[in-house]
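Below is one structure; the comments refer to it alone.
Residue numbers (this note's numbering): -8 to 209.
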């Protein structure tokens, strides 16, 4: 992990690849305990990897590794035995929000736009979607019927799909927020998605366009 921290472009590329894999694995291969655990591992390693981007001290990295093991252990217990789900969900939400904050601060501190910044911005955008997917899952579990989705479809992949189409303001209408809290969360995600693209990604792409081009003959 420490070596990964020294290579910014590789770091964000790997984190983005893990997050994308966590999104597409279940729709591609179906729901199973093995796939669930693999998705869980990829998702949590991507989140923790983003958190560790701001750490360089060995002791801090060791503490981060310990927190990762605890989170992974709680999540595995929740997936396999349906136990400690409330504790695991709370821990996951804290980790996700922390990862979002670290990613955004990382982007805001950059003085110039480069490929690393663009990849990090894409990672942050998808991380918003995954964070809201986790929130939607918890809302549906606490109040069944809060979100209307096709019967028999896996909950996680359905909420990831719903979150991403909400984030991008597509809103196909095949999955609908029914309860008040689900509607508020969906509306808030749509607003954040629009603002993120306009402000964060727009500023990075704009910086690319404003960069002076080198004269080949110079």
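By construction, the Cβ of each residue, glycine as well, lies at the ideal position given by its N, Cα and C atoms. Small disclaimer: the values here were computed from a predicted structure and weren't measured.
Boundaries of the alpha helix (DSSP H) harbouring residue 131: 106 to 133, taken from the DSSP string.
For the options 94, 90, 7, the alpha carbon positioned closest to that of residue 191 is the one of 94.
Cβ neighbours of residue 142 within its own chain (closer than 7 Å, five residues either side excluded): none. Burial is judged here by how many other beta carbons sit within 10 angstroms of a residue's own beta carbon; residue 120 has at least 16 and is buried.
The alpha-carbon separation between residue 147 and residue 35 amounts to approximately 15 Å. Less than 8 Å divides the Cβ of residue 82 from the Cβ of residue 65. In this structure, the alpha-carbon of residue 106 lies about 34 Å from that of residue 21. Beyond the five residues adjoining it in sequence on each side, residue 78 comes within less than 7 Å, by CB distance, of 65 in the same chain, given in chain order. Between the stretch 9 to 26 and the stretch 148 to 161 there are three or more inter-stretch CB-CB distances shorter than 8 Å, so the stretches are counted as touching. Rounded to whole angstroms, the separation of the alpha carbons of residue 169 and residue 136 is 7 Å. In this structure, the beta-carbon distance from residue 115 to residue 98 falls below 8 Å.
When 149, 56, 3, 110 are compared, the shortest CA-CA separation from residue 127 is found for 149. The residue from 194, 1, 4, 5 with its alpha-carbon nearest to that of residue 100 is 194. Here residue 133 is exposed. Its C-beta has fewer than 16 other C-beta atoms within 10 Å. Under the three-state reduction of DSSP output, residue 179 falls in the helix class. In the three-state scheme derived from DSSP, where H, G and I count as helix and E and B as strand, residue 154 is classed as helix.
Under the three-state reduction of DSSP, residue 145 is assigned to coil, being neither helix nor strand. A direct Cα-to-Cα measurement between residue 140 and residue 37 gives close to 27 Å. Between the alpha carbons of residue 104 and residue 92 lies a gap of roughly 19 Å.
Note on geometry: alpha-carbon atoms of residue 18 and residue 145 lie some 9 Å from one another.
In the displayed model, residue 138 falls within a strand according to three-state DSSP.
One Cα belongs to residue 180, the other to residue 161, and the distance between them is close to 12 Å. In this structure, residue 41 lies near residue 118, with their beta-carbon atoms less than 8 Å apart.
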